[in-house]
Amino acid sequence: MSELVHTPAELAAARARLTGTVGVVMTMGALHSGHETLLRAAREQADHVLVTIFVNPLQFGPNEDFDRYPRTLDEDLAVCRRAGVDLVFAPSVPDLYPDGAPEIRVDPGRPGADLEGLSRPGFFQGVLTVVLKLLQLTRADLAFFGEKDYQQLTVVRRMVRDLNVPVRIVGVPTVREPDGLALSSRNRYLSPTQRQAALGLSATLRAGAEAAEAGLDAGAVLAAAHRAFGAVDPTVELDYLVLTDPDLEPGPVAGEARLLIAASLGGVRLIDNLAIRLAPRP
Ligand SMILES: Nc1ncnc2c1ncn2[C@@H]1O[C@H](COP(=O)(O)OP(=O)(O)OP(=O)(O)O)[C@@H](O)[C@H]1O
Ligand SMILES: CC(C)(CO)[C@@H](O)C(=O)[O-]
Ligand code: BAL
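Quick note: the sequence shown uses my numbering, first residue 19, plus one each step.
If you want it as structure tokens, here you go:
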């Protein structure tokens, strides 16, 4: 049975009853099999699993989908119960921000400035601020984040290192539909035709991975991915397609790398990424 709490005071009381290690999975709800994989990882690696469900207004831009973001608490609780979650923290906006939007926020710095940071100004500041608050409130020993949101995982790791936050961040590989589409709560916005077109994101990444497996260098791998994107349904608008260092550090790419894509379909913005292993230079 998962205990449901809403306020920080209720959370503190319930958290105090948990002995042993606590793993937290932070979500915005609308739980799917990707989230369930995070819950399983937490179940395996911690004595207790705590889930947070909160659609964080601070990380949404003025023209983004905060109002229409799916809110499915009853179904989410059923998922948590089935996954053996001990405690669910589902605060309201005033529960978490009793004084309104916080004056003091976490600056995501250079790692949060590119890619998603360029397209979604304020996004990582909002994410890091709420992640830090939730880490303080849950006092978790481990926190699990999906590689699907690769830059988010990277920026959270960097915050924990730079600010000495006492938690271990665990990255969990992306869960995909059998046809390759990365699971995402926002997939439910897609019409059947858009869903078919959205396969272009993972297909583009796979084309890059195949070029790397064939021994091509970084420039040729990225060119192969761009060529593959050229064959994708023209309703899919590319935001970025980049090959970077796995820590998203600037500079030349060699050995382990990451290919990241973001694109929009009829106003629905999706992201995906894949690990790429470049052949050693001769
Ligand atoms: N397909 C997936 N595989 C692995 N982890 C995932 C997947 N989808 C989401 N997650 C992870 O679940 C956590 C909560 O994410 P969130 O609730 O925003 O879901 P989401 O599907 O990413 O939603 P959205 O569609 O709004 O981006 C994050 O750490 C995210 O990376
Ligand atoms: C980490 C997070 C729960 C913060 O609101 C959100 O960005 C998400 O669901 O990935
Ligand atoms: N999935 C990360 C949170 C967001 O896109 O708003």
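Using N, Cα and C, we set each Cβ at its ideal position, and we do this for glycine too.
Predicted model, so just to flag it, every value in this text is computed and none were measured.
Next on the checklist: Taking DSSP's pairing of strands, which residues face Ile122 in a bridge?
Outcome noted: DSSP output for Ile122 lists no bridge partner at all.
Item to check | Best match in Leu133, Asp104, Val148 for proximity to Glu121 [C-alpha to C-alpha] | outcome: Val148
Checklist entry - If you draw a straight line from the C-alpha of Thr37 to the C-alpha of Ala64, how long is it? => result 11 angstroms
Checklist entry - Taking Cβ to Cβ, would you say Ala280 is nearer than 8 angstroms to Glu82? => result no
Item to check | Classification of Glu255 by the beta-carbon crowding that lies within 10 angstroms, buried from 16 upward | outcome: exposed
Next on the checklist: Helix, strand or coil, according to DSSP, for Gly189 in the structure here?
Outcome noted: strand
Checklist entry - Glu62: buried (16+ other C-beta within 10 angstroms of its C-beta) or exposed? => result exposed
Checklist entry - Alpha carbon to alpha carbon, what distance is there between Leu155 and Val185? => result Cα to Cα, the separation comes out at about 12 angstroms.
Next on the checklist: Quick check on Leu259: does DSSP put it in helix, strand or coil?
Outcome noted: The DSSP-derived three-state label of Leu259 is strand.
Checklist entry - Measuring CA to CA, which of Leu288, Arg299, Leu296 is closest to Arg138? => result Leu288
Next on the checklist: Buried or exposed, going by whether 16 or more other CB atoms sit within 10 Å of the CB of Asp104?
Outcome noted: buried
Item to check | Alpha carbon of Ala119 to alpha carbon of His24, nearest angstrom | outcome: 19 angstroms
Next on the checklist: In whole angstroms, give me the CA-to-CA distance for His244 and Tyr258.
Outcome noted: 10 angstroms
Next on the checklist: If I follow the unbroken beta strand (DSSP E) through His66, where does it start and stop?
Outcome noted: Segment 66–71, the beta strand (DSSP E) holding His66.
Checklist entry - Quick one: what's got a C-beta closer than 8 angstroms to Arg299's C-beta in the same chain, skipping five residues either side? => result Asp235, Ala272
Checklist entry - So is the beta-carbon of Asp65 under 7 angstroms away from any non-hydrogen atom of ligand 4? => result Absence of ligand 4 from the depicted structure is noted, with ligand 1, ligand 2 and ligand 3 being the only ligands included.
Item to check | Minimum C-alpha distance to Val106 - residue among Asp125, Phe72, Gly79 | outcome: For the options Asp125, Phe72, Gly79, the alpha carbon positioned closest to that of Val106 is the one of Phe72.
Checklist entry - So does Val286 have its beta carbon nearer than 7 angstroms to some heavy atom of ligand 1? => result no
Item to check | Among Ala27, Ala60, Ala215, Asp197, nearest to Leu160 - alpha-carbon criterion | outcome: Nearest C-alpha to Leu160: Ala60.
Checklist entry - Taking the continuous beta strand (DSSP E) assigned at Phe163, which residues delimit it? => result For Phe163, the uninterrupted beta strand (DSSP E) segment begins and ends at 160–164.
Next on the checklist: Leu278 and Thr262 - do their beta-carbons sit closer together than 8 angstroms?
Outcome noted: yes
Checklist entry - Do you know offhand how far Val286's Cα is from Ala216's? => result Spanning the two alpha carbons is a distance of roughly 10 angstroms.
Item to check | Nearest to Pro116 (by Cα), restricted to the options His50, Pro26, Leu136, Leu68 | outcome: For the residues His50, Pro26, Leu136, Leu68, the minimum Cα distance to Pro116 belongs to Pro26.
Checklist entry - Going by other Cβ atoms of all chains shown within 10 Å of its Cβ, with 16 needed for buried, is Thr211 buried or exposed? => result So Thr211 counts as exposed.
Checklist entry - Is the Cβ-Cβ distance between Leu219 and Asp290 less than 8 angstroms? => result yes
Item to check | Under 8 angstroms between C-beta atoms of Leu56 and Gly164 | outcome: yes
Checklist entry - Fully enclosed by the stretch 208–296, which beta strand (DSSP E) runs are 3 residues long or longer? => result Counting only runs of 3 or more, we get 254–262, 274–283, 286–295.
Next on the checklist: Per the DSSP calculation, Thr45 is bridged to which residue(s)?
Outcome noted: DSSP output for Thr45 lists Ile71 as bridge partner(s).
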